[in-house]
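To start, the structure under review is shown below, and the notes come after it.
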């Protein structure tokens with residue numbers, strides 16, 4: 088199975104839904120903070136993703152996946168006044184692992200102590216940016232060990248796996264052949280880190296007494312069939 092130009096595939100596959108509270112215009116939010124939940128939901132086209140299920144490509148090949156993981160980092164949200172809240176850098180990197188999904192197929196990230204505001208968009212990166220990588224192994228904090236344990240690090244010199252899909256594929260000439268798609272940056276010589284910004288269909292209101300949720304859907308089929316130009 089030939090897979091090329093994967094750098095943007097996952098980013099281009101993402102759509103977004105959110106929920107918000109009732110209108111609270113005019114309230115004083117000075118010094119207030121609240122939680123914000125970001126939910127990642129993997130699918131394949133219009134189907135839910137399920138381990139062991141067979142999914143078809145447009146060229147007649149098929150595949151099954153037993154590992155679906157990717158790194159999300161640098162999450163920040165922008166409010167209706169143009170102000171941006173960046174989650175603290177030391178904690179702003181996450182491994183989205185389908186094996187940890189709940190019964191609804193969602194992987195939740197809870198961001199605590201987000202500045203209370205009416206947010207209109209979210210920005211995040213897929214992978215590890217060069218600024219974080221340049222901090223060295225010690226500068227990665229607990230995430231280095233987490234990435235090693237999760238199999239999301241080739242080696243420190245080589246770099247992180249940003250996206251990892253493992254499983255099998257079948258075609259007219261092969262059956263259940265090994266499939267391994269590992270995409271990432273290679274040290275400082277190849278930078279595949281990409282960011283995406285998604286506008287909310289409704290205002291997301293962060294308040295001390297609310298827990299708004301943002302639902303992001305990732306279409307894994309775009310990695311196999313999507314445009315990469």
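Residue numbers (this note's numbering): 88 to 316. Glycine included, every Cβ here is placed at the ideal spot set by N, Cα and C. In this text the structure is predicted, and so the values were computed from the model without any measurement.
Those residues which DSSP pairs with residue i across a bridge
{"i": "residue 120", "result": "202"}
{"i": "residue 286", "result": "208"}
{"i": "residue 149", "result": "143, 257"}
{"i": "residue 137", "result": "Answer is none; residue 137 lacks a bridge partner."}
{"i": "residue 172", "result": "164"}
{"i": "residue 181", "result": "159"}
{"i": "residue 306", "result": "130"}
Neighbourhood of residue i by C-beta, 6 angstroms cutoff - its chain only, sequence neighbours within 5 removed
{"i": "residue 311", "result": "144"}
{"i": "residue 237", "result": "182"}
{"i": "residue 248", "result": "239, 269, 271"}
{"i": "residue 206", "result": "164, 166, 291"}
{"i": "residue 294", "result": "121, 203"}
Cβ shell of residue i (< 7 angstroms), same chain only, five flanking positions each side left out
{"i": "residue 186", "result": "none"}
{"i": "residue 256", "result": "88, 148, 149, 150, 264, 266"}
For residue i, three-class secondary structure by DSSP
{"i": "residue 162", "result": "strand"}
{"i": "residue 296", "result": "coil"}
{"i": "residue 278", "result": "coil"}
{"i": "residue 128", "result": "strand"}
{"i": "residue 312", "result": "helix"}
{"i": "residue 301", "result": "strand"}
Buried versus exposed call for residue i [16 or more other C-beta atoms within 10 Å across all chains shown]
{"i": "residue 277", "result": "exposed"}
{"i": "residue 234", "result": "buried"}
{"i": "residue 224", "result": "exposed"}
{"i": "residue 84", "result": "Residue 84 falls outside the range modelled here, since the chain spans only 88 to 316, and no answer is possible."}
{"i": "residue 315", "result": "Its pLDDT being 48, under 50, residue 315 is placed unreliably in this model, and the coordinates cannot settle the point."}
{"i": "residue 131", "result": "buried"}
{"i": "residue 115", "result": "exposed"}
{"i": "residue 221", "result": "exposed"}
{"i": "residue 190", "result": "exposed"}
{"i": "residue 133", "result": "exposed"}
{"i": "residue 246", "result": "buried"}
Own chain residues within Cβ distance below 8 angstroms of residue i, not counting five before or after
{"i": "residue 198", "result": "122, 123, 124, 125, 162, 174"}
{"i": "residue 179", "result": "160, 161, 162, 173"}
{"i": "residue 280", "result": "212, 213, 214, 215, 216, 217, 249, 272"}
{"i": "residue 208", "result": "164, 165, 284, 285, 286, 287"}
Minimum Cβ-Cβ distance from residue i to chain B less than 7 angstroms
{"i": "residue 152", "result": "Checking the listed chains, one finds no chain B in this structure; it contains a single protein chain."}
Report the residue ranges of all alpha helix (DSSP H) runs contained in full by the segment 188-275; include only those spanning at least 4 residues, in chain order. Listed in chain order, they are 217-220, 229-236.
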